[in-house]
Structure formats: structure tokens, C-alpha cells
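Student:
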Ligand code: HAM
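Numbering (my numbering), first residue to last: 3 to 420.
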């Protein structure tokens, strides 16, 4: 027997039966994001490995152990584990910052697959999809608040009710080093109570200790100092202004002073949206400000702010009632070989008139054809063949009401075009 292949662990097929949910999501993305002046950018799925090392950060789990990296000649390449790095790379490469220098921030969005070699579990895959936005060139708290307001409008448009926005700040290059030392001092005496990973992180990047998932460690770490008390004046004022603007928009959020994001490029505002309906992997999305990244990747000193949403997680949460069903205007039911032959030209003309028309590709008896028309949700069935064929008359059956009438082609078009 020949081997039957399966989709690899951590990857999955998105089947036609679930595609309406994805289409609905994608349509809403284009519609809402473009209302706010965002334009789509599509970047390649692989980039130089160094791009991610320099942006996401060498000490992060993503770069240390989750990237799909391969050699191509002399070069080391990596399947993108996220897209902020690629967007900033493109922004710099195509000198999009010239417009921004004139005072007009660039607003970009994207959708597409990302790759991380994580342990697969519910809501966590090795190939997953993200929707993301990046605002480049605006340091003002208003950029944070406006983008979060768009995010809220987007999640509302999807009908997502049970969710929580969690907000924090991770400071900047002025206040974070001092906080890191303070945290290190606090951790020093407690290291023997923490797990091995924490001890390694303590040496490499102590802030990451706060992200430990081990229950006993979490209890202890809940008493650790938070960066919010250690923010410098500029960061504290920025954070206060973001909150003031969000309050003004009537957006609810919870403050978490110990939020750690899994990527190194963040400065100041960080946030996540969580849902209890997702299980252990409860983050629908995450993001924040990354003011040093454009410069780190060879561009001018311009700030950035953005977020990325896990599409699989979002698709799971979409309320069924919001998803428009598949639209099929009519299914042709061919009666006998003459009917079957007549279907060919007829289907072509109906489709040219914009009607979603299914027709049989294999001759089948009427019963199964009608059953199939019903099953695929067709609004009408059109019987082609028999007595009416010569006069160009066909029986049109409304599959919702059962009503049936004989009509010629022009009348059918008029009726279905209503
Ligand atoms: P992130 O928090 O690493 O941020 O990922 C964002 C979202 O992608 C997560 O909240 C989650 O919903 C989804 N996600 C991440 N990993 C997986 C996985 N293995 N399986 C399924 N879903 C996953 C970023 O990627 C940043 N680039 C976000 C950003 C944009 N920050 C600024 N701009």
C-alpha cells in the first residue's frame, strides 16, 4: 500500500466547510482597517535569520528555539516567526520613511502565515496565521490610543463579546536598566525557590522571569516589584496619557505591571487581549510600542506601534450568527442527455450575469441532483430538459418555499436578479 500523507504536527488544513469564517474575518479586516487609513503590505515568508535575531532578540524563546532556519548557500534563512521585523525591513528598504519625515505616519496592515516550532496544543500551532498592523513614525500616545480604538472597533464588528484588554508599560532605555537591576536584586535571594528556566533567565534577561508559567513560581513572582513604579518621568507621562485617551474613548482595560511580551523590541506601551473561552492559550492578540526598532534595522530614528492577532484563535471565537452562509443562487438539475447538453451554455450565460450557478459535471438521476442542490444551500433549482427545452422554458423551483414555475431564460434572469 502506498503511504498516505498527513498534514504535519502543528499544521492543519483549513477546509471549505470552515472557509466562510476566514473570509468573513478577512473581509472585516480590509473594511475596518482601511477606514482608519491603513494600507496592506505583503512581505515574503522567509527572510535573513539575522533580521529576527536583531529584532525579536537573541535571548527570546522564539529566536533561541522556535525558528525554522535553513541554509541556502552561504546564507542562513528563517521562516518568519512574526511579521513586525519584516514590515520594518520593508519600510526601511523602500524608504517609506521619507513620507513619514514630512509628518505623515505610515499605517500598514498584513495577514498571513507565521512559523514557530512550539509544542503544539489547542490554540498553538507551528504554522499559524496572524493579522497585524504597524504604525510607523508617531511617538505620541494618541497613536497608541487610536490604534487600540481601531482594534476595539474591529473586535466589535466581529461580534466578539467576552474579551479583556490588558495594558502595561515596559519602560524604555532610560528606566528599564535600573528596574532590571532592582528586579535582579529582588530575585537574588529567591533563586533557590524558582525553576531552572527562571535561573537561566535571571542571568540572561531577568525581566523574562516574570513570564514564568510554573504555578509555584507565579505565586512568588506576584510579589516582585513592578516596572510601573520605576518608570522614568517621560515613560510615566506617556503611559498616563495613553490611559487618559482610552478612558475618553470609553475603552475598558486592566493594568498589569508585570506583563512580559515574548519579543525584545518593546518599549513603553504593551498590551494583550485575552479570552477565557480559549483555554490555556488565552491571548487573542498582543502588541505594543517599539521605538528603537526602525533604527536598529538601519533606518532613521522613527518610533513604531502595532499588534498582531492569532487568526486561528479569533476564528474559534467568532459567533456563528455573524457568519454569512455560503451563497449559491441556483443549481441546475439536468434531465436526460439533452438537458445535460443544454446546461453547458445556460450555466455560462447565468454566470456571466453574475449568478452563482452550480451544474452537474457527471450525468446523475434527478433525485440525487436535487438532494445535492438542497445540501449545498442553493436558493433555487432549475430543471433543464424535457418538454420545455425546445421552447427554452425551464421549471424554476424555490427551495425555501417549494414554489415552482415555468419561465424562459430572460424571465429567470429577471427573477433571480431581484
Ligand atoms: P505575539 O504575541 O508573539 O506578537 O503574537 C501575537 C499573537 O499571535 C498571539 O497573541 C497569538 O494569538 C498568536 N500566536 C502566536 N504564536 C502562536 C502559535 N504558535 N499558534 C497560534 N497562534 C499564535 C507578535 O507576533 C508581534 N509581532 C505583535 C506586534 C506587532 N507587536 C507590534 N507589532
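We treat Cβ as the ideally placed atom computed from N, Cα and C, and that holds for glycine. All figures in this text were calculated on a predicted structure; none of them were measured in a lab.
Considering residue 250, what are the terminal residues of the alpha helix (DSSP H) in which it resides?
Tutor: As a first step, residue 250 must be located in the chain shown, where it is residue number 248. Element bounds for residue 250: 235-251.
Student: Does the ligand HAM have a heavy atom nearer than 6 Å to the CB of residue 59?
Tutor: Within the chain shown, residue 59 is the residue found at index 57, counting from 1. Answer for residue 59: no, Cβ out of range of the ligand HAM.
Student: Can residue 384 and residue 334 be called in contact, C-beta distance under 7 Å?
Tutor: Translated into the one-based positions of the chain shown, residue 384 becomes position 382. Translated into the one-based positions of the chain shown, residue 334 becomes position 332. In contact: residue 384 and residue 334 (Cβ atoms closer than 7 Å).
Student: Count the other CB atoms, across all protein chains shown, that sit within 10 Å of the CB of residue 165; report buried if there are 16 or more and exposed otherwise.
Tutor: For this step, residue 165 is matched to residue 163 along the chain shown. The residue in question, residue 165, is buried, as its Cβ has 16 or more Cβ neighbours within 10 Å.
Student: Roughly how many whole angstroms lie between the Cα atoms of residue 141 and residue 83?
Tutor: Here residue 141 refers to the residue found at position 139 of the chain shown. Here residue 83 refers to the residue found at position 81 of the chain shown. Each residue's alpha carbon lies about 26 Å from the other.
Student: Would you call residue 403 buried or exposed, if buried means 16 or more other Cβ atoms sit within 10 Å of its Cβ?
Tutor: Numbered from its first residue, the chain shown carries residue 403 at position 401. Label assigned to residue 403: exposed.
Student: Looking at residue 281 and residue 124, is the spacing between their C-beta atoms short of 7 Å?
Tutor: For the purposes of this step, residue 124 is identified with residue 122 of the chain shown, where counting begins at 1. For the purposes of this step, residue 281 is identified with residue 279 of the chain shown, where counting begins at 1. It is a contact, given that the beta carbons lie within the stated cut-off.
Student: Which of the three DSSP states is assigned to residue 111 in this structure?
Tutor: Position 109 of the chain shown holds residue 111. Of the three classes helix, strand and coil, the one that applies to residue 111 here is strand, per DSSP.
Student: What did DSSP end up calling residue 195 once you bin it into helix, strand or coil?
Tutor: Here residue 195 refers to the residue found at position 193 of the chain shown. Reduced to three states, the DSSP call for residue 195 is helix.
Student: Note down, one range per segment and in chain order, each beta strand (DSSP E) of at least 3 residues found wholly within the region 341-402.
Tutor: Counting whole runs of 3 or more residues, the region 341-402 contains the beta strand (DSSP E) stretches 380-386 and 395-400.
Student: Taking 6 Å as the cut-off, does the CB of residue 287 come closer than this to any heavy atom belonging to the ligand HAM?
Tutor: Working through the chain shown from its first residue, we reach residue 287 at position 285. For the ligand HAM, at least one heavy atom lies less than 6 Å from the Cβ of residue 287.
Student: Three-state secondary structure (DSSP) at residue 419?
Tutor: As a first step, residue 419 is located in the chain shown; it is residue number 417 there, counting from the start. In this structure, residue 419 counts as coil in the three-state DSSP scheme.
Student: Using a threshold of 6 Å, is the CB atom of residue 117 nearer than that to any non-hydrogen atom of the ligand HAM?
Tutor: For the purposes of this step, residue 117 is identified with residue 115 of the chain shown, where counting begins at 1. Answer for residue 117: no, Cβ out of range of the ligand HAM.
Student: Taking the straight line between their C-alpha atoms, what separation do you get for residue 399 and residue 318?
Tutor: The count along the chain shown starts at 1 and reaches residue 399 at position 397. The count along the chain shown starts at 1 and reaches residue 318 at position 316. Using only the alpha carbons, I get a separation of about 36 Å.
Student: Rank 195, 171 and 42 by C-alpha distance to the C-alpha of residue 289 and give the top, closest one.
Tutor: Looking up residue 289 in the chain shown gives position 287. Looking at the Cα atoms, 171 is the closest of the given residues.
Student: Since I believe residue 127 is in contact with residue 12 (beta carbons under 8 Å), could you give me their beta-carbon distance rounded to a whole number of angstroms?
Tutor: Taking the chain shown and counting its residues from 1, the one referred to as residue 12 is at position 10. Taking the chain shown and counting its residues from 1, the one referred to as residue 127 is at position 125. Correct: roughly 5 Å between the Cβ atoms.
Student: Would you mind reading off the limits of the alpha helix (DSSP H) that contains residue 27?
Tutor: Mapped onto the chain shown, residue 27 falls at position 25. Its alpha helix (DSSP H) spans residues 21-37.
Student: Starting from the C-beta of residue 219, find all residues in its chain whose C-beta is less than 7 Å away, skip the five residues before and the five after it, and write them out in chain order.
Tutor: Working through the chain shown from its first residue, we reach residue 219 at position 217. Here the set comprises 196, 197 and 200.
Student: Quick check on the DSSP output: the alpha helix (DSSP H) that includes residue 181 runs from which residue to which?
Tutor: For the purposes of this step, residue 181 is taken as the residue at position 179 of the chain shown. Unbroken alpha helix (DSSP H) run through residue 181: 178-190.
Student: I'd like to confirm something about residue 404: is its beta-carbon nearer than 6 Å to some heavy atom of the ligand HAM, or not?
Tutor: Counting from 1 along the chain shown, the entry for residue 404 is found at position 402. Outside the cutoff, so no.
Student: I'd like to confirm something about residue 22: is its beta-carbon nearer than 6 Å to some heavy atom of the ligand HAM, or not?
Tutor: Your numbering for residue 22 matches position 20 in the chain shown. Flag unset: Cβ of residue 22 not near the ligand HAM.
Student: Taking three-plus beta-carbon pairs below 8 Å as touching, is the region 39-48 in contact with the region 108-124?
Tutor: Flag = yes, the region 39-48 and the region 108-124 touch.
Student: Mind checking which residues open and close the beta strand (DSSP E) that includes residue 136?
Tutor: On the chain shown, residue 136 is found 134 positions in, with the first residue counted as 1. 129-138 is the extent of the beta strand (DSSP E) around residue 136.
Student: CA-CA distance, residue 394 and residue 38?
Tutor: Working through the chain shown from its first residue, we reach residue 394 at position 392. Working through the chain shown from its first residue, we reach residue 38 at position 36. When rounded, the distance between both Cα atoms is 51 Å.
Student: So does residue 238 have its beta carbon nearer than 6 Å to some heavy atom of the ligand HAM?
Tutor: Counting from 1 along the chain shown, the entry for residue 238 is found at position 236. Residue 238 Cβ: outside cutoff for every heavy atom of the ligand HAM.
Student: Are residue 173 and residue 237 touching if we call contact CB-CB under 7 Å?
Tutor: Counting from one through the chain shown, the residue named residue 173 turns up at place 171. Counting from one through the chain shown, the residue named residue 237 turns up at place 235. A contact, by the Cβ cut-off of 7 Å.
Student: Is residue 379 buried or exposed, if buried means 16 or more other CB atoms sit within 10 Å of its CB?
Tutor: Numbered from its first residue, the chain shown carries residue 379 at position 377. It counts as exposed.
Student: Taking 6 Å as the line, does the beta carbon of residue 42 fall inside it for any heavy atom of the ligand HAM?
Tutor: Counting from one through the chain shown, the residue named residue 42 turns up at place 40. Residue 42: no, Cβ never under 6 Å from the ligand HAM.
Student: Quick one: which unbroken beta strand (DSSP E) runs of 3-plus residues sit fully inside the region 69-110? Chain order, please.
Tutor: 71-74 and 77-81, all fully within the region 69-110.
Student: Residue 365 to residue 344, Cα distance in whole Å?
Tutor: Numbered from its first residue, the chain shown carries residue 365 at position 363. Numbered from its first residue, the chain shown carries residue 344 at position 342. Their Cα atoms are separated by approximately 13 Å.
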